[in-house]
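For the sequence shown, my numbering assigns the number 55 to the initial residue and increments by one for each residue that follows. Idealized CB from N, CA, C, for every residue including glycine. Given the structure is predicted, the values throughout are model-derived calculations rather than measurements. First the structure, in the form of structure tokens, and then the observations on it.
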Amino acid sequence: MTAHAYSIDGRTFSFESRLANAAPIGSYVTIETENGTYLGQVLDSSLGAGIAASDSAAVSAISGRGRLLSQLVDEEFTGLDHSDVFGDGAVAAAAPELVAAHLSSSIGSSGVALGELQRPRGVAAQLNPAGFGRHTFLCGQSGSGKTYTLGVILERLLLETDIKMCVIDPNSDYVNLGSVQNRESTGFSESEYQQLARRYEALAAGIHVFGGEHADKRMQVLFGRLSFRQQTMVLGLDPIADAEEYNAYVRIVRDLGSEGFTLDDVMTKIRSTFNDDARRLGLRIDNLGIQEQAIWAGDDEPVLEQLSSGWRMMVADTGSLPSSTEASIASAALLTHLWDRRRDREPMIIVIDEAHNVCPQNPSDSNQALATETVVRIASEGRKYGLYLLLSTQRPSKVHQNVISQCDNLLLMKMNSVSDLQSLSDTFSYAPKGLIDLAAGFGLGEGLAAGKIAPDPLLFKSGSRLTREGGSDVPSTWAR
């Protein structure tokens, strides 16, 4: 028995077949009907009760459903008017060339190369670059290839678009995005490598990496450029509980005037102010060791003023800062700065790696709370100003729900947690549950792309990177 399909709405189809002939979930099929030939995608299937074979023996059967994508007329894809219904279509696996042509017609020639499809193999997996004009959520457990895959995406966005990107990098994973590695370390052919490397090196001057004290470009913040609210957060001042010190600081800032003051300027002003409230404020700063933190800009320029006018990407290597407190301050300062400049309406993708530590559901300190509040605002309002989020995490349940719920794109890699997969299925309803459930069985670098970035829900395997991954695992050579 061959697989047979029917459609009662001209949009979806249902099918049943023998187990041996069943089309896998996520694969593409052609359906031959009396109305013509259709291209479809299998979205779900389950084991049926059995179908009687010609010899009357009961054989295992598969029943399932899928979505009709287009009709083939004279080898051209045409749209569906959703009025065609059919009752006995013959289902067959779609040829790789047909699938490639379908995806190309949906995305065009400037897609973001991600790798290749899992089903069928040998077909390029490409994402729609315009789809990143919606917020994107990338998740996968540790060891899934999530970090590597995000690197692939960032490289290709640099190559195939003109959009600027700001990367918050808590694990120093993306610090090498500015330099191409040798071909032997990649999976590219000689000709492909030469062509891509030449293009990438031409834009590498616009990639700026800021880090700790040993970095070529220091990750530093001018204290006076922080919002007044964040300044008082750093100092641990509460307007009610610390009323006298808080008021002393208000008066000091008023006297300093310009927002371009440093923390040293604050301390100098405190020492020249002869009252007990200012003295206690100075003791607070000394006791907390705030002035010794490496993040504060002095005579050096703060990070955002070191960017050239033609910059394409900045990587904030917060993982190289001496303490989690400084990393939290830097992340909050950068995010609030980008939000404060939203009326510039300059398109930008804000990439947040380890999002569960930058915008968690339950912040652990005031600066983390400020960062979370800002990301929530960007998630809900940023798109109209050209600010788009690209979040990455291995702990989706720890990321603030008001951020996740605003994401129109999902990139899902291996995930064993049943509760996480169920939550993702509930949140990202546009991603078929049958495909999300496959994530527990994904291998290294395998994943699902769904939403505005994908013409159809795509099962992919990540391709090669041009640049070297930063914070890779320690090699297991000790295991002999």
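Alpha carbon to alpha carbon, how far is residue j from residue i? Give it in angstroms, no decimals.
i	j	result
residue 278	residue 471	44 Å
residue 298	residue 335	9 Å
residue 442	residue 115	45 Å
residue 516	residue 208	13 Å
residue 264	residue 122	48 Å
residue 272	residue 244	36 Å
residue 140	residue 134	13 Å
residue 373	residue 396	26 Å
residue 296	residue 328	19 Å
residue 91	residue 61	13 Å
residue 199	residue 522	14 Å
residue 158	residue 281	47 Å
residue 153	residue 257	33 Å
residue 57	residue 71	4 Å
residue 342	residue 246	54 Å
residue 255	residue 211	14 Å
residue 78	residue 197	25 Å
residue 524	residue 240	15 Å
residue 97	residue 128	27 Å
residue 234	residue 120	42 Å
residue 308	residue 424	23 Å
residue 80	residue 253	34 Å
Under 8 Å Cβ to Cβ from residue i, same chain only, skipping five residues before and after it: list those, please.
i	result
residue 110	Legend: pLDDT at residue 110 = 44, less than 50; position of this residue unreliable, value from coordinates given subsequently. There are no such residues.
residue 456	430, 433, 434
residue 375	265, 266, 273, 348, 349, 381, 384
residue 485	464, 466, 478, 479, 502, 504, 505, 511
residue 188	437, 442, 461, 462, 463, 505, 506, 507
residue 361	262, 368
If you reduce the DSSP assignment to three classes, tell me which class residue i lands in.
i	result
residue 263	strand
residue 303	helix
residue 192	strand
residue 232	coil
residue 453	strand
residue 83	strand
residue 271	coil
residue 312	coil
residue 75	helix
residue 484	coil
residue 136	coil
residue 365	coil
residue 212	helix
residue 294	coil
residue 324	helix
residue 69	strand
residue 95	strand
residue 170	strand
residue 417	coil
residue 108	Legend: pLDDT at residue 108 = 49, less than 50; position of this residue unreliable, no value from coordinates given.
residue 90	strand
residue 142	strand
residue 339	helix
Measure the Cβ-Cβ separation of residue i and residue j and say whether it is below 8 Å.
i	j	result
residue 87	residue 162	no
residue 483	residue 451	no
residue 487	residue 195	no
residue 93	residue 148	yes
residue 388	residue 190	no
residue 275	residue 217	no
residue 242	residue 145	no
residue 410	residue 449	yes
residue 489	residue 511	yes
residue 503	residue 465	yes
residue 137	residue 117	no
residue 520	residue 250	yes
residue 203	residue 227	no
Just to confirm my understanding: we take residue i, look at its own chain, exclude 5 residues before and 5 after, and list those with CB closer than 6 Å. What are they?
i	result
residue 168	179, 181, 514
residue 473	none
residue 300	291, 293
residue 479	487, 490
residue 499	199, 515, 516
residue 497	none
residue 436	none
Within 8 Å of any Cβ in chain E, is that where the Cβ of residue i sits?
i	result
residue 307	Looking for chain E here will not work: only one protein chain is present.
Once you ignore the five residues that flank residue i on each side, which residues in its own chain have a CB closer than 7 Å to its CB?
i	result
residue 150	174, 176, 177
residue 318	352
residue 339	289, 321, 345
residue 459	481
residue 426	413, 414, 417, 454
| Just checking, does the region 391-406 make contact with the region 219-226 on the three C-beta pairs under 8 Å criterion? | yes
| message | For the pair the region 366-385 and the region 253-267, tell me if three or more CB-CB distances fall below 8 Å. | response | yes
| query | For the 8 Å Cβ check, are there 3 or more pairs between the region 281-288 and the region 418-425? | reply | yes
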